[in-house]
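S.K.: Take the sequence shown: its letters are residues 20 to 527, numbered as in this note's numbering.
Take this structure, written in structure tokens, and hold onto it; I'll ask about it next.
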Amino acid sequence: MDFSVKNERILADRVLTDESDERPVDCDFVLPDYDPDVSAVLKCVMKPMVQSRQRSADRYLVDGIVSIRVLYLDEGRCCVRCCEFTQPFSSSFLLKSGPDIRRAAVSAQTDYVNCRAVSPRRLDVHGAFTVKLTLYTTDAQTYIENMEGQDVYVKTQELTYTAPGSYAEKTFSVNETGELGADLPPAEFIIRADTVALLRECRRMNGKAIIKGEVRTDVLYCADAVQGKTVRSRLVLPFSQIVDAEGMTEEWNCDAGVTILANDVRLQPNQNGENTLLSVSVKLLAFLNGEQDLPVRLAADAYSCRYPLQMTRQEAELEQAVQYGDDEEAFRQTVPLPSDGVAEVLDVWAEIFPAGCVCEDGQTTLSARVLFCMLTRDTDGQVNYYEKMADYARRFACSCDGTRFRMEVTGCDFSATGNGSVELTAQIHTVYRCFRRQRTELLTDVQPDEEGAFAPDPAAVKVCFAHAGEDLWEIAKNSRTPAETIRQENGLTSDILAQDTVLLIPLC
20 MDFSVKNERI LADRVLTDES DERPVDCDFV LPDYDPDVSA VLKCVMKPMV
70 QSRQRSADRY LVDGIVSIRV LYLDEGRCCV RCCEFTQPFS SSFLLKSGPD
120 IRRAAVSAQT DYVNCRAVSP RRLDVHGAFT VKLTLYTTDA QTYIENMEGQ
170 DVYVKTQELT YTAPGSYAEK TFSVNETGEL GADLPPAEFI IRADTVALLR
220 ECRRMNGKAI IKGEVRTDVL YCADAVQGKT VRSRLVLPFS QIVDAEGMTE
270 EWNCDAGVTI LANDVRLQPN QNGENTLLSV SVKLLAFLNG EQDLPVRLAA
320 DAYSCRYPLQ MTRQEAELEQ AVQYGDDEEA FRQTVPLPSD GVAEVLDVWA
370 EIFPAGCVCE DGQTTLSARV LFCMLTRDTD GQVNYYEKMA DYARRFACSC
420 DGTRFRMEVT GCDFSATGNG SVELTAQIHT VYRCFRRQRT ELLTDVQPDE
470 EGAFAPDPAA VKVCFAHAGE DLWEIAKNSR TPAETIRQEN GLTSDILAQD
520 TVLLIPLC
């Protein structure tokens, strides 16, 4: 039996490795000579930062630093001080031999941190953070798109899925010195500095993409240590880069982002020797994960009028992206101030902890928890620290099976409401990708059983009673005759019968 088979491939991302490495932090630090003694610890923040990753033989190595920042009060208890320490870390993940790595997703997240002052000059820190590594490869499943041959009939199916394209990364730096603010007083020292990198635009072109965004640094500094006066300032630095991405076209979809590998924020004196300048040096990693929507035609079923066909099938789950989002939203919470005489709010910042997503009834909900952190001064001039956890939900209309997303806080502000409360506002940047899953069977191999040839049918036509809703393809397959012949003989215009009917079946 002679027939030809046309094969095609479906591409899909597959997870090679999905592992975590929990890193304990148990250390103590002695304050530098130029820092005053610790009277009380207000807040300890630990931030792990991945700086490099590479494959080495049978291992994947992730290196970085963990920064520990302690906000504390000096002996006067009216001035907030900050001391910061860093230490390196290295995580090693064992790799199994297998296909090439298409892309790697690496992150580091703080689990918990505790800090106490064991003496006025020594701090004891205990905590843990987790380094997470996910490696992806591209799998190719070969299937039969169509077959041609005498007395062979094929039923095809058409669908669309999202195929992985190229993945690209680029490391670059943003270095600039700017004014604290024209109307702001000079600084004595920095209390807190938070830097975020925001991607605002990703313009796709042939073989590359142009990305634009900004590096935003929020600073709380001390303008008068004797009085404990603090000032908030912000410096925004734009960036623009060209990232080469093999195969990229304007029609591709692209998940793009920027992560911070290292950053350094320092005060700089002006020509009069006053610290009115802020120097920001940031090392960034831009990434592009391209994908494209591809139409697929595949052979769903086949039969022969002459021989039985032995068919091999393989299940496949195809993913189709249905909605992309990249936006920023203001999340507001009104919080009652403590009743122990708060005179003013000095500073507010926030951290976000993504929780999960729910997709139902045509609506998608992305949930997270937001921790608001607040420094206040009471009527006696002493500084206190408070925090408030709040539930956050980002809702939008989308009918899907799942969503992959990431969130970060890009800024935080506050305003007094006048009734013993304060309104806290966190700017939350969310990037998401919603998708649907399509389960299908791929026809991967067809072999005719030539020894089991069908016996010739002595009749030229037969009569068949068919019910409404029956598929003309199944009727033709069971009768081992072309579906088109039945359609023409009975004047049918649809493959699904609309009513009970008697069909004349011409036989091969």
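Where a beta carbon is used, it is the ideal one built from N, C-alpha and C, also for glycine.
Keep in mind that this is a model prediction, so the values were computed, not measured.
Which of the three DSSP states is assigned to Trp368 in this structure?
M.R.: Three-state result, Trp368: strand.
S.K.: Among residues of its own chain, excluding the 5 on either side of Met68, which ones have a beta-carbon nearer than 6 Å to its beta-carbon?
M.R.: Within the same chain, Met68 has close Cβ partners Gly83, Ile84.
S.K.: Looking at the structure shown, is Ile16 part of a helix, part of a strand, or coil, going by DSSP?
M.R.: No answer is possible for residue 16: it lies beyond the span of the chain, which begins at 20 and ends at 527.
S.K.: Quick check on Ile279: does DSSP put it in helix, strand or coil?
M.R.: Correct three-state label for Ile279: strand.
S.K.: Under 8 Å by Cβ, that's how I've got Gln518 and Ala487 pegged, so tell me the actual separation to the nearest angstrom.
M.R.: Confirmed, Cβ separation roughly 5 Å.
S.K.: With which residues is Asp77 paired in a DSSP beta bridge?
M.R.: Answer by DSSP bridge pairing: none, since Asp77 is not bridged.
S.K.: With a cut-off of 8 Å on the beta carbons, I'd call Leu280 and Gly197 a contact; round off their distance for me.
M.R.: Actually they do not touch by this definition, with Cβ atoms about 21 Å apart.
S.K.: Three or more beta-carbon pairs under 8 Å between the region 376–390 and the region 417–434, yes or no?
M.R.: Yes, since at least three Cβ pairs between the region 376–390 and the region 417–434 fall closer than 8 Å, the two stretches touch.
S.K.: To the nearest angstrom, how far is it from the Cα of Asp119 to the Cα of Thr161?
M.R.: Approximately 18 Å between the Cα atoms of the pair.
S.K.: In the structure shown, what three-state DSSP assignment does Gly471 receive?
M.R.: Helix at Gly471.
S.K.: Provide the residue(s) that pair with Lys115 in DSSP beta bridges, ordered along the chain.
M.R.: Answer is none; Lys115 lacks a bridge partner.
S.K.: Straight-line CA distance for Asp130 to Ile163?
M.R.: Roughly 49 Å between the two C-alpha positions.
S.K.: Who are the near neighbours of Phe22 in its chain, counting only those whose CB is closer than 7 Å to its CB and skipping five residues on each side?
M.R.: The residues are Met166, Glu167, Gly168, Val171.
S.K.: Rounded to whole angstroms, what is the Cα-Cα separation between Thr449 and Asp346?
M.R.: Those two C-alpha atoms are separated by around 6 Å.
S.K.: Looking at the structure shown, is Ile494 part of a helix, part of a strand, or coil, going by DSSP?
M.R.: If DSSP states are grouped into helix, strand and coil, Ile494 belongs with the helices.
S.K.: Could you tell me the boundaries of the alpha helix (DSSP H) in which Arg506 lies?
M.R.: Start and end: 502–509.
S.K.: In whole angstroms, what separates the C-alpha of Ala1 from that of Glu406?
M.R.: It is not possible to answer for residue 1, since the shown part of the chain is limited to 20 through 527.
S.K.: Which residue from Val99, Val81, Gly95, Leu80 puts its Cα closest to that of Asp88?
M.R.: Per the sequence shown, residue 88 should be read as Arg rather than Asp. Answer by Cα proximity: Val99.
S.K.: What residue range does the beta strand (DSSP E) around Pro314 cover?
M.R.: Here the beta strand (DSSP E) through Pro314 covers 294–323.
S.K.: Pull up the distance between the alpha-carbon of Leu530 and that of Ala31, whole angstroms please.
M.R.: Past the boundaries of the shown model lies residue 530; the chain is included only from 20 to 527, so the question cannot be answered.
S.K.: Curious, which full-length beta strand (DSSP E) runs of at least 3 residues does the region 332–396 contain?
M.R.: Entirely contained in the region 332–396, the beta strand (DSSP E) runs reaching 3 residues are, in chain order, 361–379.
S.K.: Pair every Cβ in the region 412–419 with every Cβ in the region 103–112, then say whether three or more of these pairs are closer than 8 Å.
M.R.: No: the two stretches stay apart, fewer than three of their Cβ pairs being nearer than 8 Å.
S.K.: So, under 8 Å CB-CB, Ser498 and Ile515 are touching, yes? Tell me the CB distance rounded to an integer number of Å.
M.R.: With a Cβ gap of about 17 Å, Ser498 and Ile515 do not count as contacting.
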